[in-house]
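Worksheet: the structure to be examined is printed underneath.
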Amino acid sequence: MQTLLELARDASALAAGEPTALPAALARGDAATPEAEAARQMQICNACRYCEGFCAVFPAMTRRLEFPAADIHYLANLCHNCGACLHACQYAPPHEFAVAIPQALARVRARTYQAHAWPAPLGALYQRAGLTVALALAGGLGLFLALALALRGSLWHAPLAGNFYAVFPHDLLAAMFGAVFLFAALALGMGARRFWRGVAPQEAVPGALARAAHDALTLRYLDGGHGDGCNNEDDRFSPWRRRFHHATFYGFLLCFAATSVATLYHYALGWEAPYAWTSLPVLLGTAGGLGLLAGPAGLLWLNLRRHPLQGDVAQRPMDRGFIALLGLASATGLALLAGRDGAAMGLLLALHLGVVMALFLTLPYGKFAHAVYRVAALLKFNIEKRLPNRLALGSD
Ligand code: HEM
Ligand code: SF4
Ligand code: SF4
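Letter by letter, the sequence shown follows residues 85 to 480 in the working numbering.
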């Protein structure tokens with residue numbers, strides 16, 4: 085194990101551009117696993133510490149001298165992939181130290197989702213996330229198109245004045261989506277529980293959950309610590325990734341709120357759909373749908389231009405599949421709203437329900453997992469940072 089004194093010596097040698105006492109193995113990028121590779125790079129960062137003020141990862145790193153797999157999984161999910169430390173790093177490729185923290189931590193994030201998946205065998209779906217999304221989409225669309233044909237005999241019909249339940253009975257939809265949603269919530273909850281068991285701090289700190297929620301809801305660490313936004317294709321900073329993510333995230337929440345209010349209307353108040361254009365479910369759904377259309381479109385545009393060292397190119401099918409499902413769910417939902425009084429309502433409804441079913445089915449086995457693990461990592465960080473850092477240079 086490297087001592088604190090050795091780390092401090094390495095840090096001043098690195099700063100002065102002198103040869104350091106870093107073990108030779110640290111200077112190469114040939115570690116056996118993504119966790120070992122991320123740990124190698126963290127050891128270099130821990131000696132350098134140039135990026136200490138950038139985000140939560142570096143203060144969390146300075147609390148450690150060694151980086152076992154559980155800690156690397158924690159740090160990987162704390163990273164917001166803003167890219168700042170790649171463009172600031174004097175040891176980034178082609179330097180022999182080959183430090184590319186955003187890429188190394190992105191690779192570990194995918195392993196976190198897989199390692200903690202529930203039920204465990206389904207963790208393999210992350211490795212084929214593009215195929216998983218494609219199959220779920222084909223299955224969801226096929227299921228609802230076939231159901232519409234079986235129940236009504238045709239996808240075209242005389243206008244039904246927006247009465248969706250004349251095509252698919254309400255109880256059938258409630259049972260199908262309720263079951264898939266509960267399963268997704270259970271699977272994600274079990275994954276988070278497993279992750280938390282591996283990284284949980286011993287102490288509880290009051291207020292940490294509220295601070296973690298604030299950090300997540302504002303995407304506090306998506307700006308490299310300077311407030312100008314994050315890097316995407318090069319060393320320029322841009323606020324657009326955060327803005328598009330907010331449109332996506334809050335759009336998703338508004339759509340969820342629209343469905344929840346409609347469920348309340350149905351069961352608690354006995355008010356049945358279709359609801360008026362000015363009703364709360366329609367207003368929430370329209371606002372959310374627009375956000376969920378603009379946000380994923382922007383995220384896809386940025387994703388297509390992203391610097392390859394800022395992420396793991398192998399995960400692009402997972403990222404883009406999720407973005408595509410979100411955008412399609414919104415596009416088909418808005419099209420359904422616009423055409424709900426016409427003869428194509430049954431077809432539009434089947435398309436929308438098929439996409440939403442695919443989205444729900446893949447929630448626990450795709451990119452959505454990042455939300456759960458990042459919030460857990462932010463919670464740990466907000467607990468940890470209130471505790472004394474026994475490794476702080478110059479402290480006891
Ligand atoms: C509240 C917890 C959440 C946090 C802290 C969070 C944070 C982040 C961060 C930091 C990124 C960029 C790095 C990466 O690609 O992993 C990201 C990407 C993304 N997030 Fe979230 N997110 C949350 C929830 C959500 C939700 C609920 C959705 C949508 C329903 C969403 C949609 C996306 C999408 C589509 C991307 C991919 C962008 C790309 O590939 O360029 N996020 N999220
Ligand atoms: S990313 Fe590079 S510059 Fe930043 S702390 Fe690590 S080694 Fe130093
Ligand atoms: S990519 Fe951004 S969030 Fe991740 S470690 Fe580097 S500076 Fe921190």
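Glycine included, C-beta positions come from ideal geometry on N, C-alpha and C.
Proximal residues to residue i (C-beta, below 8 Å), its chain only, five neighbours per side dropped
i	result
Val-439	Leu-221, Gly-224, Leu-225, Leu-409, Leu-412, Ala-413, Thr-416
C-alpha distance - residue i paired with residue j, whole-angstrom precision
i	j	result
Leu-106	Pro-392	Caution is warranted here: a pLDDT of 49 is assigned to Leu-106, below 50, making its placement in the model unreliable, and no coordinate value can be reported.
Ala-213	Ala-190	15 Å
Leu-388	Arg-304	24 Å
Met-429	Ala-258	19 Å
Ala-360	Asn-247	12 Å
Pro-205	Pro-448	13 Å
Thr-87	Arg-281	Confidence in Thr-87 is poor, its pLDDT being 48 and thus under 50, which makes the residue's placement unreliable; the coordinate value appears in the next sentence. One C-alpha to the other measures close to 28 Å.
His-329	Leu-383	7 Å
Ala-268	Pro-178	42 Å
Glu-150	Ala-144	12 Å
Burial state of residue i, where buried means 16 or more other Cβ atoms lie within 10 Å
i	result
His-436	buried
His-310	exposed
Pro-253	exposed
Gln-174	exposed
Ala-182	buried
Thr-117	exposed
Gly-308	buried
Gln-211	exposed
Thr-362	exposed
Val-397	exposed
Gln-286	exposed
6 Å Cβ shell around residue i - same chain, five flanking residues per side excluded
i	result
Ala-188	Glu-121, Ala-122, Gln-125
Ala-461	Tyr-158, Asn-161, Leu-162
Pro-323	Gly-313
Arg-400	none
Leu-209	Thr-216, Tyr-449
Ala-434	Phe-228, Leu-229, Ala-232
Cβ separation of residue i and residue j, assumed to be a contact under 8 Å, to the nearest whole Å
i	j	result
Val-251	Ala-234	Between Ala-234 and Val-251 the Cβ distance is about 11 Å, and since that is not below 8 Å, they are no contact.
Leu-471	Ala-292	Wrong, their Cβ atoms sit about 10 Å apart, outside the cutoff.
Leu-418	Gly-373	5 Å
Arg-326	Leu-306	5 Å
Close beta carbons around residue i, own chain, < 7 Å, minus the five adjacent residues each side
i	result
Ala-172	Tyr-134, Cys-135
Boundaries of the alpha helix (DSSP H) in which residue i is found, first to last residue
i	result
Asp-155	153–162
Lys-464	453–468
Pro-401	400–422
Cys-169	168–172
Phe-279	254–283
Trp-385	364–389
Gly-214	213–236
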